[in-house]
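Enquirer: Sharing a structure below in C-alpha coordinates format, with a few things to ask.
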Amino acid sequence: MSTIATFTVPADAFPLGHIFDSFPEITIEIEQVVPTNKAILPYFWVREEPVENVQKALEAQGALKSYTLVDDLGDQGLFRAEWDADVEGILTGIIDTELTLVSATGTEDEWKFEFRAEDTNQIAEFQEYCADHDIEITLGHIHSIGARTDEGAHGLTSEQREAVLLAYRNGYYETPPETNLGELAEELGIANQSFSDRLRRGTRNLIEGTLDVT
(Lines of atoms letter the chains of each structure in order from A and count residues from 1; the text may use other names and numbers.)
(Lines give C-alpha, C1' and ligand atoms only; values in the text may rest on other atoms or scores of the structure.)
Protein backbone atom coordinates (compact mmCIF):
# COMPACT_ATOMS: atom_id res chain seq x y z
CA MET A 1 0.00 0.00 0.00
CA SER A 2 1.26 3.48 -0.87
CA THR A 3 2.39 5.73 1.94
CA ILE A 4 2.30 9.49 2.39
CA ALA A 5 4.99 11.22 4.44
CA THR A 6 5.77 14.85 5.18
CA PHE A 7 9.19 16.26 6.01
CA THR A 8 10.47 19.72 6.87
CA VAL A 9 13.98 20.98 6.21
CA PRO A 10 15.66 24.34 6.90
CA ALA A 11 15.19 26.85 4.08
CA ASP A 12 18.84 26.78 3.03
CA ALA A 13 18.88 22.96 2.77
CA PHE A 14 17.01 23.18 -0.54
CA PRO A 15 18.68 24.80 -3.60
CA LEU A 16 16.04 27.53 -3.94
CA GLY A 17 16.35 28.36 -0.25
CA HIS A 18 18.99 31.04 -0.76
CA ILE A 19 16.50 33.20 -2.66
CA PHE A 20 14.90 34.00 0.70
CA ASP A 21 18.05 35.94 1.62
CA SER A 22 16.96 38.57 -0.91
CA PHE A 23 13.19 38.20 -0.59
CA PRO A 24 12.21 36.93 2.89
CA GLU A 25 8.49 37.56 2.33
CA ILE A 26 8.03 35.29 -0.68
CA THR A 27 6.52 31.82 -0.77
CA ILE A 28 7.67 29.15 -3.23
CA GLU A 29 5.44 26.22 -4.18
CA ILE A 30 6.70 23.36 -6.32
CA GLU A 31 4.04 22.14 -8.72
CA GLN A 32 5.48 19.07 -10.40
CA VAL A 33 8.68 17.06 -10.41
CA VAL A 34 9.60 14.84 -13.34
CA PRO A 35 12.71 12.61 -13.05
CA THR A 36 14.77 12.35 -16.25
CA ASN A 37 18.17 10.63 -16.18
CA LYS A 38 19.32 11.92 -12.81
CA ALA A 39 17.93 15.37 -13.48
CA ILE A 40 14.54 16.77 -12.56
CA LEU A 41 12.46 19.58 -13.98
CA PRO A 42 10.38 21.17 -11.28
CA TYR A 43 7.61 23.63 -11.98
CA PHE A 44 7.38 26.12 -9.16
CA TRP A 45 5.50 29.29 -8.25
CA VAL A 46 7.24 32.23 -6.62
CA ARG A 47 4.68 34.50 -4.95
CA GLU A 48 4.61 37.97 -3.38
CA GLU A 49 7.44 39.52 -5.43
CA PRO A 50 7.62 41.06 -8.93
CA VAL A 51 8.71 38.42 -11.42
CA GLU A 52 11.54 40.52 -12.87
CA ASN A 53 13.16 40.73 -9.43
CA VAL A 54 12.83 36.99 -8.92
CA GLN A 55 14.46 36.27 -12.27
CA LYS A 56 17.59 38.17 -11.25
CA ALA A 57 17.80 36.16 -8.02
CA LEU A 58 17.33 32.85 -9.84
CA GLU A 59 20.31 33.58 -12.05
CA ALA A 60 22.48 33.47 -8.92
CA GLN A 61 21.25 30.01 -7.84
CA GLY A 62 24.23 27.72 -8.44
CA ALA A 63 22.23 24.49 -8.56
CA LEU A 64 20.11 25.73 -11.46
CA LYS A 65 21.30 24.62 -14.88
CA SER A 66 18.62 26.67 -16.62
CA TYR A 67 15.15 28.07 -16.02
CA THR A 68 12.20 29.26 -18.09
CA LEU A 69 9.47 31.71 -17.13
CA VAL A 70 6.21 29.94 -17.94
CA ASP A 71 3.65 32.43 -16.63
CA ASP A 72 4.04 36.03 -15.42
CA LEU A 73 1.21 37.30 -13.19
CA GLY A 74 3.02 40.38 -11.93
CA ASP A 75 3.72 39.66 -8.28
CA GLN A 76 3.86 35.91 -8.83
CA GLY A 77 5.35 33.76 -11.54
CA LEU A 78 5.44 30.13 -12.64
CA PHE A 79 8.89 28.84 -13.56
CA ARG A 80 10.32 25.63 -14.95
CA ALA A 81 13.88 24.86 -13.94
CA GLU A 82 16.39 22.22 -14.92
CA TRP A 83 18.72 21.36 -12.07
CA ASP A 84 22.40 20.55 -12.32
CA ALA A 85 22.54 16.76 -11.88
CA ASP A 86 26.11 16.98 -10.57
CA VAL A 87 25.03 18.91 -7.47
CA GLU A 88 24.34 16.44 -4.67
CA GLY A 89 21.44 17.38 -2.43
CA ILE A 90 17.87 16.68 -1.43
CA LEU A 91 16.69 16.54 -5.04
CA THR A 92 19.20 13.79 -5.79
CA GLY A 93 17.92 11.93 -2.74
CA ILE A 94 14.38 12.06 -4.10
CA ILE A 95 15.51 10.55 -7.40
CA ASP A 96 17.75 7.90 -5.85
CA THR A 97 14.98 6.64 -3.58
CA GLU A 98 12.32 6.93 -6.33
CA LEU A 99 9.95 8.91 -4.13
CA THR A 100 7.12 10.85 -5.74
CA LEU A 101 7.17 14.48 -4.66
CA VAL A 102 3.51 15.45 -4.29
CA SER A 103 4.12 19.03 -3.19
CA ALA A 104 6.65 21.29 -1.57
CA THR A 105 6.24 24.75 -0.06
CA GLY A 106 9.10 26.98 1.01
CA THR A 107 9.31 30.05 3.23
CA GLU A 108 12.26 31.87 4.75
CA ASP A 109 12.05 29.51 7.76
CA GLU A 110 11.65 26.06 6.21
CA TRP A 111 10.56 23.84 3.37
CA LYS A 112 7.70 21.40 3.83
CA PHE A 113 7.72 18.36 1.53
CA GLU A 114 4.98 15.82 0.96
CA PHE A 115 6.09 12.52 -0.58
CA ARG A 116 4.30 9.44 -1.83
CA ALA A 117 6.14 6.12 -1.53
CA GLU A 118 5.26 2.64 -2.74
CA ASP A 119 6.52 1.24 0.58
CA THR A 120 8.06 2.56 3.78
CA ASN A 121 11.53 1.33 2.80
CA GLN A 122 11.77 4.22 0.36
CA ILE A 123 11.14 6.68 3.16
CA ALA A 124 13.76 5.03 5.35
CA GLU A 125 16.24 5.15 2.47
CA PHE A 126 15.53 8.84 1.95
CA GLN A 127 16.15 9.54 5.64
CA GLU A 128 19.40 7.59 5.41
CA TYR A 129 20.45 9.54 2.31
CA CYS A 130 19.83 12.85 4.06
CA ALA A 131 21.78 11.72 7.13
CA ASP A 132 24.72 10.63 4.96
CA HIS A 133 24.75 14.02 3.23
CA ASP A 134 24.30 16.11 6.40
CA ILE A 135 20.84 17.30 5.35
CA GLU A 136 18.80 18.12 8.44
CA ILE A 137 15.24 16.81 8.03
CA THR A 138 12.32 16.40 10.41
CA LEU A 139 9.62 13.79 9.82
CA GLY A 140 6.14 15.24 10.19
CA HIS A 141 3.47 12.57 9.75
CA ILE A 142 3.41 9.29 7.88
CA HIS A 143 0.40 7.14 7.02
CA SER A 144 -0.93 4.73 4.43
CA ILE A 145 -3.19 6.21 1.79
CA GLY A 146 -6.76 5.51 2.77
CA ALA A 147 -6.00 5.36 6.51
CA ARG A 148 -8.30 7.55 8.55
CA THR A 149 -6.55 9.99 10.85
CA ASP A 150 -7.52 13.34 12.33
CA GLU A 151 -5.00 15.00 10.03
CA GLY A 152 -3.83 13.65 6.68
CA ALA A 153 -6.80 11.37 5.99
CA HIS A 154 -6.75 10.03 2.42
CA GLY A 155 -3.43 11.74 1.73
CA LEU A 156 -4.69 15.30 2.32
CA THR A 157 -2.68 17.83 4.25
CA SER A 158 -4.57 19.84 6.86
CA GLU A 159 -4.63 22.87 4.52
CA GLN A 160 -5.96 20.81 1.60
CA ARG A 161 -8.64 19.24 3.81
CA GLU A 162 -9.67 22.71 5.01
CA ALA A 163 -9.97 23.95 1.42
CA VAL A 164 -12.01 20.95 0.20
CA LEU A 165 -14.41 21.09 3.16
CA LEU A 166 -14.83 24.87 2.87
CA ALA A 167 -15.66 24.58 -0.82
CA TYR A 168 -18.15 21.77 -0.17
CA ARG A 169 -19.87 23.45 2.77
CA ASN A 170 -20.26 26.73 0.89
CA GLY A 171 -21.82 25.15 -2.19
CA TYR A 172 -18.89 25.41 -4.58
CA TYR A 173 -19.73 22.01 -6.07
CA GLU A 174 -23.44 22.78 -6.53
CA THR A 175 -25.00 23.47 -9.95
CA PRO A 176 -24.89 26.40 -10.35
CA PRO A 177 -22.10 27.11 -7.82
CA GLU A 178 -23.20 29.08 -4.76
CA THR A 179 -19.75 30.63 -4.29
CA ASN A 180 -16.49 31.14 -6.18
CA LEU A 181 -12.76 30.74 -5.62
CA GLY A 182 -12.32 34.41 -4.81
CA GLU A 183 -14.87 34.34 -1.98
CA LEU A 184 -13.43 31.13 -0.55
CA ALA A 185 -9.88 32.47 -0.69
CA GLU A 186 -10.99 35.67 1.04
CA GLU A 187 -12.57 33.67 3.87
CA LEU A 188 -9.18 32.06 4.57
CA GLY A 189 -7.28 35.29 4.00
CA ILE A 190 -5.09 33.91 1.20
CA ALA A 191 -4.58 34.67 -2.50
CA ASN A 192 -7.00 33.24 -5.07
CA GLN A 193 -4.21 31.24 -6.72
CA SER A 194 -3.07 29.78 -3.40
CA PHE A 195 -6.59 28.59 -2.57
CA SER A 196 -7.04 27.21 -6.09
CA ASP A 197 -3.79 25.23 -5.72
CA ARG A 198 -4.84 23.80 -2.34
CA LEU A 199 -8.27 22.80 -3.64
CA ARG A 200 -6.86 21.19 -6.77
CA ARG A 201 -4.21 19.22 -4.87
CA GLY A 202 -6.71 18.25 -2.19
CA THR A 203 -9.22 17.01 -4.75
CA ARG A 204 -6.51 15.02 -6.53
CA ASN A 205 -5.27 13.43 -3.29
CA LEU A 206 -8.84 12.66 -2.22
CA ILE A 207 -9.48 10.82 -5.49
CA GLU A 208 -6.19 8.92 -5.32
CA GLY A 209 -6.75 8.05 -1.66
CA THR A 210 -10.29 6.73 -2.03
CA LEU A 211 -10.63 5.37 -5.58
CA ASP A 212 -8.76 2.68 -7.47
CA VAL A 213 -7.08 4.77 -10.18
CA THR A 214 -4.65 2.09 -11.37
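Read in UniProt numbering, the sequence shown has 169 at position 169, and its numbers run on one by one without any break.
Think of the CB as a built atom: it goes at the ideal place given N, C-alpha and C, for glycine as much as any other residue.
If you count every other CB in all the chains shown that lies within 10 Å of the CB of T120, and 16 or more means buried, which is it?
Expert: exposed
Enquirer: Should Q122 and L99 be called a contact, given that it needs their Cβ atoms to be closer than 8 Å?
Expert: Yes. Within cutoff.
Enquirer: Give the straight-line distance between the Cα atoms of Y43 and L165, rounded to the nearest whole angstrom.
Expert: 27 Å
Enquirer: Can the beta-carbon of V51 be found closer than 8 Å to that of I26?
Expert: no
Enquirer: F113 and F7: beta carbons closer than 8 Å?
Expert: yes
Enquirer: What residue does the alpha helix (DSSP H) around T120 start on, and which one ends it?
Expert: 120–132
Enquirer: Thinking C-beta only, is T68 closer than 8 Å to F79?
Expert: Going by C-beta atoms, F79 is nearer than 8 Å to T68.
Enquirer: Where Q76 and Q55 are concerned, what is the direct C-alpha to C-alpha distance, given to the nearest angstrom?
Expert: 11 Å
Enquirer: Over the uninterrupted beta strand (DSSP E) stretch that includes S66, give me the two end residues.
Expert: 64–72
Enquirer: Does the beta carbon of H18 sit closer than 8 Å to a beta carbon anywhere in chain B?
Expert: The question asks about chain B, but that chain is absent: this structure has only one protein chain.
Enquirer: When you compare only the Cα positions, how much space is there between E110 and Y173?
Expert: 34 Å
Enquirer: Going by beta carbon distance, what residues of the same chain come within less than 7 Å of A10, once the five residues before and after it are set aside?
Expert: In the sequence as displayed, the identity of residue 10 is Pro instead of Ala. Closer than 7 Å at the Cβ level, and outside the excluded window around P10, lie E110, E136.
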